[in-house]
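See below for the structure under consideration.
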Amino acid sequence: MKAQSEREKVTVRELRRKSDAGETIVAVTAYDALTARLVDGVGFDIILVGDSLGMTVLGYENTVPVTIEDCLYHAAAVTRARPTALVVGDMPFLTYQVSPEQALVNAARFLQEGGTDAVKLEGGQFIAPAIRRLVQAGIPVLGHIGVLPQAVLAVGGYRVPGRTPEEADALVADALAVQDAGAFALVLECLPMALSARITEALDIPTIGIGAGPHCGGQIQVLHDVVGLFEAFVPRHTKRYAFLAEAMREALGEYRDEVRSGEFPTQEHSFK
Ligand code: KIV
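Taking my numbering as reference, the numbering of the sequence shown is continuous, increasing by one, and the terminal residue is 276.
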């Protein structure tokens, strides 16, 4: 792994090269400059400014209330860190479903105001015309099928789709439609492993799984899940590599206790 200063900016072309060479793409979310810098220092291919920010940092129960202003604000913070990773801005609910023109106008805001390198849209065949319009205009698009968190109210929860032959066939058709519309990669969220493998096999573009098993071309996770900052629940698709919430509680408790006992601040932390 090259040092951050030696790494070149990841482009959609580089992702394609990696995928063709059989290299696994690794992606994670970030929502602010500090964590984007940290994440980029570790070395990821993609940073997604996910609309999961609604739950991880804004305190909503799902992603539906997230606005384009929320997403642009966080996207701009992330891109101010100048990551070498490809930065993808997640288009929130109802900013691209109305028409391909609406999608185009809003996607352009991600590139121009948020500074992102690409956008992500949820949906398959239904959303393919919007993806095509964006790609024609020069906007790289990351697709997203499977569990669609923006449709949680309509579905009535986060049910794993694709377990019947009919649903599986419809998801394969969705994946092909997203690819045909010009997406550079496709997120597969919470799909049965065998179906993800089938979709990955059927596509030329890389699939990036979250809860979609090991046979995808890459993996993506929500930062707050993998470092153990999000405590409301641990999604089945997440492996916690740290428990930072507990580490923060311990540090904050020590600070509080030392101030109360007079142990902090000392001369060392004071000025003459
Ligand atoms: O918003 C998000 O973080 C996402 C990922 C879960 C893929 O869409």
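We put the CB at the ideal spot given by N, CA and C, even for glycine.
The model shown is predicted, which means the values in this text are computed figures rather than measured ones.
My parser needs the beta strand (DSSP E) runs of 3 or more residues fully inside the segment 126-176; what are they? 145-150
So what's G257 in DSSP terms, helix, strand or just coil? In the structure shown, G257 sits in a helix (DSSP, three-state: H, G or I).
Near the ligand KIV: G128 beta-carbon under 7 angstroms from a heavy atom: no
Rank A132, E12, V32, T88 by C-alpha distance to the C-alpha of L285 and give the top, closest one. In the structure displayed, the chain extends from 5 to 276; residue 285 sits before or after that span and is not available.
Count the CB pairs spanning the segment 65-84 and the segment 127-141 that are closer than 8 angstroms, and state whether there are at least three. no
Who are T33's beta bridge partners in DSSP? L52
Does I209 come out as helix, strand or coil in the three-state DSSP assignment? coil
For A122, which of helix, strand or coil comes out of DSSP? strand
heavy atom of the ligand KIV below 7 angstroms from D94 C-beta: yes
Going by the C-beta, is S200 closer than 7 angstroms to any heavy atom of the ligand KIV? no
Helix, strand or coil, according to DSSP, for L195 in the structure here? coil
Buried versus exposed call for R86 [16 or more other C-beta atoms within 10 Å across all chains shown]: exposed
Check whether the segment 29-41 touches the segment 215-229, taking contact to mean three or more Cβ pairs, one atom from each stretch, closer than 8 angstroms. yes
Taking buried to mean at least 16 other C-beta atoms within 10 Å of its own C-beta, is G58 buried or exposed? Under this definition G58 is a buried residue.
Using 8 angstroms as the threshold, is the C-beta distance between A187 and L233 below it? no
Leaving out five residues on either side along the sequence, give the residues of the same chain with a beta carbon under 6 angstroms from the beta carbon of V191. H148, I212
Considering only their Cβ atoms, is the gap separating D44 from P96 smaller than 8 angstroms? no
Along the alpha helix (DSSP H) that carries Q106, what are the first and last residues, could you check? 104-116
On the criterion of 16 or more Cβ atoms from any shown chain inside 10 Å, does V91 qualify as buried, or is it exposed? buried
Report buried or exposed for Y100, applying the criterion of at least 16 other Cβ atoms within 10 angstroms of its Cβ. buried
Alpha carbon to alpha carbon, what distance is there between A255 and R136? 49 angstroms
Can you tell me whether V82 sits near the ligand KIV, meaning its C-beta is under 7 angstroms from at least one heavy atom of the ligand? no
Across the segment 199-208 and the segment 172-180, are there enough close Cβ pairs to call them in contact, namely three or more that are closer than 8 angstroms? Counting Cβ pairs under 8 angstroms, three or more are found: they touch.
Rounding to the nearest angstrom, what Cα-Cα distance links E205 and L195 in this structure? 15 angstroms
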